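This report refers to the structure that appears directly beneath it.
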Amino acid sequence: MLQISNLSKTYPNGVHALKDVTLNISNGMFGLLGPNGAGKSTLMRTIATLQDADSGSIMFGDIDVFKQKQELRKVLGYLPQEFGVYPKVSAEEMLHYIARLKGIADAKERKELVKALLEQVNLYNHRNKALGGYSGGMKQRFGIAQALIGDPKLIIVDEPTAGLDPAERLRFNNLLSEIGENIIIILSTHIVDDVRELCNDMAIIAGGQVVQRGNPEALVKGLENRIWSKRVRKDEVAQYQKDYKLVIARLAGGSMMVYINSETDPGNGFVSEKATLEDIYFSNIS
Ligand code: ADP
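In this note's numbering, the protein residues as written are -16 to 269.
And the structure:
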């Protein structure tokens, strides 16, 4: 269990990036969803012991993360948002190097581990290629391979699919979903579908605060029969925003659709819509 309690952080420039964040996270894939600037990376880096908070605490089992940074690092796998690679080094060489750093001293053991990891992330055929020549998706899969070294109990992946094309994203998410269920994986993302596809538990963070928390399906169920849509003109959106509880106005096939939240049938040409996790997201971040 990861227990984050009353975490606050203000950067020297005055940005209040985390405001009294409290979250208890158990084994499985946890989605931390929020718009750019919400505070996701700040929270991820704090959990990963890369920066300090001003107040609050984080416990991972018996480990007091702020006081026992080395202990936490031993059980942590981390794929940061900006994952730099040495462009001239091959994936195989790099994994060997990181494995040695993480304390896997036995050469035979290391060789077997590196081979298994390269196979797991589907890069074995590209093992001798320089990392600089890897595509975005390959780099992210390599990032997961390095995060898995040392049998981590807590894995943090920070916006891993942001720059990937749809096929690469699918491949990456499939890989994530195959990592064991007996550890905590925190997936920080602004992509609602990543959370819908992968996570059994989630939180929405906006403006440095946790604004929603729960099981994605259960949250969506709470909006059942409450979402209504209507095709409108662009210049009408502002009026609908005044008259209704607007969830989102978005383009569909070149024209504007408004989605509203209403317990009763609003009439006026609105039709009932199936609630989605996007409705939960947009209801919470504005
Ligand atoms: P997210 O990962 O959700 O996009 P971040 O944690 O990166 O959010 O940022 C939260 C807020 O803190 C933003 O307003 C961002 O500009 C600010 N911020 C992040 N890192 C720093 C920093 N090192 N110094 C000053 N402000 C920062």
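Glycine included, C-beta positions come from ideal geometry on N, C-alpha and C. Just so it is clear, the structure is predicted and the values come from calculations on it, not from any experiment.
Exercise for the section: Within 10 angstroms of the Cβ of R233, are there 16 or more other Cβ atoms? Answer buried if so, exposed if not. Expected result: By the neighbour-count rule (16 or more Cβ atoms within 10 Å), R233 is not buried but exposed.
Problem - Residues that DSSP places opposite S171 in a beta bridge - result: In the DSSP assignment, the residues bridged to S171 are L15 and D141.
Exercise for the section: Answer yes or no: do V254 and M239 have a C-beta to C-beta separation smaller than 7 Å? Expected result: No.
Handout entry: Cβ distance (whole Å) where Q(-14) is taken to contact M42 below 8 Å
Key = Contact between Q(-14) and M42 holds, with the beta-carbon distance rounding to 5 Å and staying under 8 Å.
Handout entry: Spatial neighbours of N183 in its chain, beta-carbon cut-off 7 Å, leaving aside the 5 residues before and after
Key = Around N183: G11, M12 and N198.
Practice task
Flag this pair as yes or no: are the beta carbons of G14 and L170 separated by less than 7 Å?
Solution key: Taking 7 Å as the Cβ cut-off, G14 and L170 qualify as a contacting pair.
Handout entry: Three-state class that DSSP yields for S118 in the structure shown
Key = Residue state, collapsed to three classes: coil.
Handout entry: Per-residue DSSP class, three states only, for S160
Key = Shown here, S160 sits in a helix according to DSSP, grouped into three states.
Handout entry: CB of I187 within 7 Å of CB of L(-10), strictly
Key = Their beta carbons are not under 7 Å apart, which means I187 does not touch L(-10) by this criterion.
Problem - Three CB pairs or more closer than 8 Å across the region 221 to 232 and the region 54 to 61 - result: Under the 8 Å Cβ criterion, the region 221 to 232 does not count as touching the region 54 to 61, having fewer than three qualifying pairs.
Handout entry: Rounded distance between the beta-carbons of I263 and L206, thought under 8 Å
Key = Yes, they are in contact, since the Cβ atoms of L206 and I263 sit about 6 Å apart, within 8 Å.
Practice task
Just grab the DSSP bridge partners of I8 for me.
Solution key: In the DSSP output, where bridge partners are listed per residue, I8 has L(-15).
Exercise for the section: Look up E76 in the DSSP assignment and say whether it is helix, strand or coil. Expected result: Correct three-state label for E76: helix.
Problem - Where the alpha helix (DSSP H) through I268 begins and ends - result: Unbroken alpha helix (DSSP H) run through I268: L260 to I268.
Problem - Under the three-state DSSP convention, the category S245 falls into - result: Under the three-state reduction of DSSP, S245 is assigned to coil, being neither helix nor strand.
Problem - Among D47, L202, H173 and H79, nearest to A128 - alpha-carbon criterion - result: That would be H79, whose Cα lies nearest to the Cα of A128.
Handout entry: Contact test: K23 Cβ vs the ligand ADP heavy atom, cutoff 6 Å
Key = Yes - the ligand ADP has a heavy atom lying nearer than 6 Å to the Cβ of K23.
Problem - Cβ contact (3+ pairs, closer than 8 Å) linking the region -10 to 8 and the region 138 to 150 - result: Short answer: they don't touch.
Exercise for the section: List the whole-angstrom C-beta distance separating V194 from T259, where the pair is believed to meet the contact cut-off of C-beta under 8 Å. Expected result: About 18 Å separates the two Cβ atoms, so there is no contact after all.
Problem - Backbone secondary structure at R61 - three-state DSSP - result: For clarity, residue 61 is Tyr in the given sequence; the question names Arg instead. For Y61, the secondary structure class from DSSP, reduced to helix, strand or coil, is strand.
Problem - Sufficient close CB pairs (3 or more, under 8 Å) joining the region 108 to 127 to the region 63 to 78 - result: The answer is yes - the region 63 to 78 touches the region 108 to 127, with three or more Cβ pairs under 8 Å.
Practice task
Indicate whether K98 and I132 have their beta-carbon atoms separated by less than 7 Å.
Solution key: Between K98 and I132, the CB-CB gap reaches or exceeds 7 Å.
Handout entry: Simplified DSSP state of V97, which is helix, strand or coil
Key = When secondary structure is reduced to three states using DSSP, V97 falls in the helix class.
Practice task
Identify whether Q192 lies in helix, strand or coil by the three-state DSSP scheme.
Solution key: DSSP places Q192 within a strand segment (E or B) once states are collapsed to three.
Practice task
For V230, verify whether its CB is less than 6 Å away from any heavy atom of the ligand ADP.
Solution key: No - the ligand ADP has no heavy atom lying nearer than 6 Å to the Cβ of V230.
Exercise for the section: Would you mind sorting E280 into buried or exposed? The rule is 16 or more other CB atoms within 10 Å of its CB. Expected result: Residue 280 is absent from the structure shown; the chain starts at -16 and stops at 269.
Exercise for the section: Compute every distance between the C-beta of V178 and the non-hydrogen atoms of the ligand ADP, then say whether any falls below 6 Å. Expected result: V178: no, Cβ never under 6 Å from the ligand ADP.
Problem - Proximity test, N(-4) beta-carbon vs the ligand ADP heavy atom, cut-off 6 Å - result: At least one heavy atom of the ligand ADP is nearer than 6 Å to the Cβ of N(-4), so yes.
Handout entry: Near the ligand ADP: A0 beta-carbon under 6 Å from a heavy atom
Key = Correct: A0 has its Cβ closer than 6 Å to the ligand ADP.
Problem - Beta-carbon proximity of V230 to K213, cut-off 7 Å - result: In this structure, K213 does not lie closer than 7 Å to V230 by Cβ.
Problem - In DSSP terms, what R233 is bridged to - result: Beta-bridge pairing links R233 to M240.
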